[in-house]
Amino acid sequence: MSVQEDKLKDIIGHAKEYGFVFPSSEIYDGLSATYDYGQLGAELKNNIKNYWWKAMVHMHENIVGIDAAIFMHPTTWKASGHVDAFNDPLIDNKDSKKRYRADVLLEEHMEKIRAKNEKEIEKGRAKFGDSFDEATFRNTNPNVVRRSAEIKGIEDKMRDCLENSKLDELKCLIDDLGIVCPISGSKNWTEVRQFNLMFATELGSVSGESAKIYLRPETAQGIFVNFLNVQKSGRMKIPFGIAQIGKAFRNEIVARQFIFRMREFEQMEMQFFVKPGEEMKWYEYWKNFRMKWHMALGFGDKNYRFHDHIKLAHYANAACDIEHEFPFGFKELEGIHSRTDFDLKQHEEFSGKKLRFFDPETNESYIPFVVETSIGLDRMFLAILSQSYKNEKLEDGTERVVLSIPPALAPYKVAVLPLVKKDGLPEKAREIIDMLKLDFNTQYDEKDSIGKRYRRQDAIGTPFSVTVDHDTLIDHKVTIRDRDTMLQDRVLIADLHRIIDEKVNMRKLLVG
Ligand code: ATP
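Taken in order, the sequence shown gives residues 776 to 1287; the numbers are from the working numbering.
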């Protein structure tokens, strides 16, 4: 098992042990690719949602948020193209009986070649030191040039196959590249087939095609069908955005890597309606804005990169992903798509209702173009968990597991710990909690030694622990310990609120 796989295993174990994420219906041996968020997971998730909602909705006066139903009129999905085209190209390995997405097998193959190039470049950098010019090296080193051309060749071929549904040629490409199944190591592949990812169910007691409805595979359509309602009732003027956080469902074929790819997950999406012709300006704006939102968390800029889509979806004229370095490599965390007027146009056609914006200044009426940002809440959760999880060796030779979750997102902000369970210390601790809990999620803990209690708080990412001792009753001071530095300070109870607030307030994330 690789170091990265080990790390993911540790994170999954830790998430379960401390109440962040449990396998769904575990007493029945779980349900594949379905997870439940525990008591700390629910807090972290809420804090991520809050960070997103504040940054997108509250910080933009022209963006409002809605909460649409999961069930929608079935024609929605005809209009959006999901009934006919929301497919994945699948391929099975006959020996391992494992099923893969053909495009993912090819992406992973290209990623391996890319990694070789990066290694070569690092070697060059080490060799030439300060005089190293990466751009020139990329353009002149024969190995790097050859590999880049190879990647480009595969990309072009793959795009052509996907865009033109050439499934036979896709299979040939996998064969020609000698791609093997990671489980069986064999090249014994089936043909490539298309598979629709939507879950269907029946409405009420009627059965048959007419009563068939779908669990939404994305939240975006709930926004498109409400475009006019929101625009009119909110007196919104172009450009404006509608945001939403909610569940989405996809019958993923290869659901794995913990909460990275699930069949039931949550999305945070925002559709920004703009004047046709201005979409590229806004596409750039949202790319930058969203990247900054990620980087503000302080996990290191090198852990993020843009990846332009090779195959544009049927509705897009530009699209990219923000990829993040997960324990299993760089993978999509968020998508930014310029969706043109495709969706509103389709809904106009299928519903017979006009979905336009009338611009009183120019007296024109038009179907706006849309730039969307779409991020998976669960993937964001995993990104935070995996970046925060650290196994540290301390100076005294001991070890600690700490979750250095950005304080504004941490499930608990402060733990209050009476040194002993008597002499009025628990009462004092509860008094302090009552003072803090209106603004900060606070935990009380009186069990075990203080050292053990600190470790427990480290393991769940609590930025501060406050210890109440006998002197507290006399001098009204407590010991406050910082999760990251482990430094302790003696401060007045009256100053606690300010000290904690300075560190855990979301303001810093929002304004930089
Ligand atoms: P992928 O290529 O990984 O399947 P996608 O391109 O289909 O993702 P989008 O349709 O752009 O994803 O969805 C927007 C976001 O929703 C993604 O960036 C991702 O964070 C999240 N997401 C999509 N599918 C899943 C899933 N099965 N489980 C968890 N999150 C998901």
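By construction, the Cβ of each residue, glycine as well, lies at the ideal position given by its N, Cα and C atoms. In this text the structure is predicted, and so the values were computed from the model without any measurement.
| Check | Outcome |
| --- | --- |
| Quick check: what's the CA-CA separation for R876 versus D863? | 7 angstroms |
| In terms of alpha-carbon separation, which member of L1194, I1275, A1269 and G1104 lies closest to M885? | G1104 |
| Alpha carbon to alpha carbon, how far is D785 from A1234? | 12 angstroms |
| To which residues of the same chain is M1043 closer than 6 angstroms at the C-beta, ignoring the five residues directly before and after it? | W827, I1020, I1150 and L1152 |
| Starting from Y1079, trace the beta strand (DSSP E) in both directions and tell me its first and last residue. | Y1079 to D1083 |
| Is it the case that the Cβ atoms of M1281 and K987 are separated by a distance below 8 angstroms? | no |
| Smallest Cα separation from D1259: which of V1253, I1249, R1175 and L1267? | R1175 |
| Report the three-state DSSP secondary structure of K824 (helix, strand or coil). | helix |
| Please confirm if the segment 805 to 819 is in contact with the segment 1131 to 1144, defined as three or more CB-CB distances below 8 angstroms between the two stretches. | no |
| Excluding five sequence neighbours on each side, which residues of the same chain lie with their C-beta closer than 8 angstroms to the C-beta of Q1218? | Y1187, V1189, A1190, V1191, Q1232 and T1237 |
| State the start and end residues of the unbroken alpha helix (DSSP H) segment that holds G1226. | I1225 to I1235 |
| Roughly how many whole angstroms lie between the Cα atoms of R1273 and S1140? | 52 angstroms |
| Given this structure, state the Cα-to-Cα distance separating L880 from D870, to the nearest angstrom. | 16 angstroms |
| Do K1050 and I1013 have their C-beta atoms closer together than 8 angstroms? | yes |
| So what's N1166 in DSSP terms, helix, strand or just coil? | strand |
| So the candidates are Q1121, E1109, I1034 and E1206; which of them puts its Cα closest to the Cα of A1094? | E1109 |
| Between the Cα of K824 and the Cα atoms of E1041, I1208, I1249 and Q1162, which residue gives the shortest distance? | E1041 |
| Specify the secondary structure class of Q1218 as computed by DSSP and reduced to three states. | strand |
| Per DSSP, which one or two residues make a beta bridge with W964? | N868 |
| DSSP three-state label for S1240, please. | strand |
| Mark S1008 as exposed unless 16 or more other C-beta atoms lie within 10 angstroms of its C-beta, in which case mark it buried. | exposed |
| Can you say whether H1112 is buried or exposed, counting buried as having 16 or more other CB atoms within 10 angstroms of its CB? | buried |
| Within the segment 988 to 1026, note down every full beta strand (DSSP E) run reaching 3 residues or more, in order along the chain. | 1015 to 1024 |
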